[in-house]
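This note's numbering puts the first residue of the sequence shown at 1, with every later residue one more than the last.
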Amino acid sequence: MPDTLARRLGLLSSLLGAASLALLAVSVWGFRADGWPWPQAYDLAGWGAWAAGVGVVVALAGLVVWIRRRQGGASAVLLGLILSLPVLGLGAAFEIAARSMPPINDISTDTEDPPVFWFTATPSDYPAQNAGPQRAAYPDVRPLELPVSADEAFAAALALVKDRGWEVLSADPAESQIEAIARSRLFGFEDEVAIRVTETDTGARIDMRSRSRLGQIDRGANARRIEAFLSDLETRART
């Protein structure tokens, strides 16, 4: 007689996994298209992560049943894992980053004389209390020195900003600063970016500041943005 327990557990985990994907999709759609407050969107995504977690537990239980009995249901269990793991992995990554990164969301390559936002919705100074935690957590966030003229560095930085699809707020060579809006890939959260180019004796120095408009923590997103941008800019300027 075919055993249906593993199959039933697989079906339940598949339903939970599908629900987790649906909850995440609705939360992203609600924030991007319908203007939901970000805490509401995050809460819904959190329910999706919980559903995915339960789905994985149920699927693992089904896997144990299948290993012991070997009487069907393996494909249903596998489907439950496939549907549940993506949202659970995303939720776990978010939680780990939130606990391991400092609770700051404004990062600058120059913490003593940081670039100043002039054209963003809420101009404000770099918080001085961020400097210590930033240096400890992100030691690679440093100014970039290039052996090119300030005008060439400015043009290369602006071209890279446009290539990344960021919304340019200001790009005045006379001010030697670019301001733009970068959006996160999943929810489209808006982060503010300022890039300052300074002429030096050997070429140009590029400083960059990136901060999140929403929330109190950024899970390292702003530091990663600065490091990736300056790395790509260095490659582009030297080729």
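Ideal Cβ positions, reconstructed from N, Cα and C, are used throughout, including at glycine.
In this text the structure is predicted, and so the values were computed from the model without any measurement.
- In terms of Cα proximity to Ala137, the closest of Arg205, Leu78, Asp151 and Asn222 is Asn222.
- Nearest to Gly55 by C-alpha distance, out of Ala19, Asp34, Thr120 and Ser176, is Ala19.
- According to the DSSP assignment, Val54 belongs to the alpha helix (DSSP H) that extends over Trp38 to Arg69.
- Taking all protein chains shown into account, Glu192 has 16 or more neighbouring C-beta atoms within 10 Å of its C-beta and is therefore buried.
- For the 7 Å CB-CB criterion, Pro102 and Ser108 do not form a contact.
- Just so you know, the alpha carbons of Val161 and Ile226 end up roughly 12 Å apart.
- Under the criterion of beta carbons closer than 8 Å, Ile217 and Ala98 qualify as touching, at roughly 6 Å.
- Less than 7 Å separates the beta-carbon of Gly80 from that of Gly17.
- By the Cβ neighbour-count rule, Ser75 is exposed, with fewer than 16 other Cβ atoms within 10 Å of its own.
- Of the residues Pro37, Phe229 and Ala25, the one whose Cα lies closest to the Cα of Ala182 is Phe229.
- Here Val116 carries a coil assignment [DSSP, helix/strand/coil].
- The alpha-carbon of Phe119 is positioned some 43 Å away from that of Gly53.
- Between Ala150 and Ala204 a beta carbon distance of about 5 Å is seen, short of the 8 Å cut, so the two are scored as contacting.
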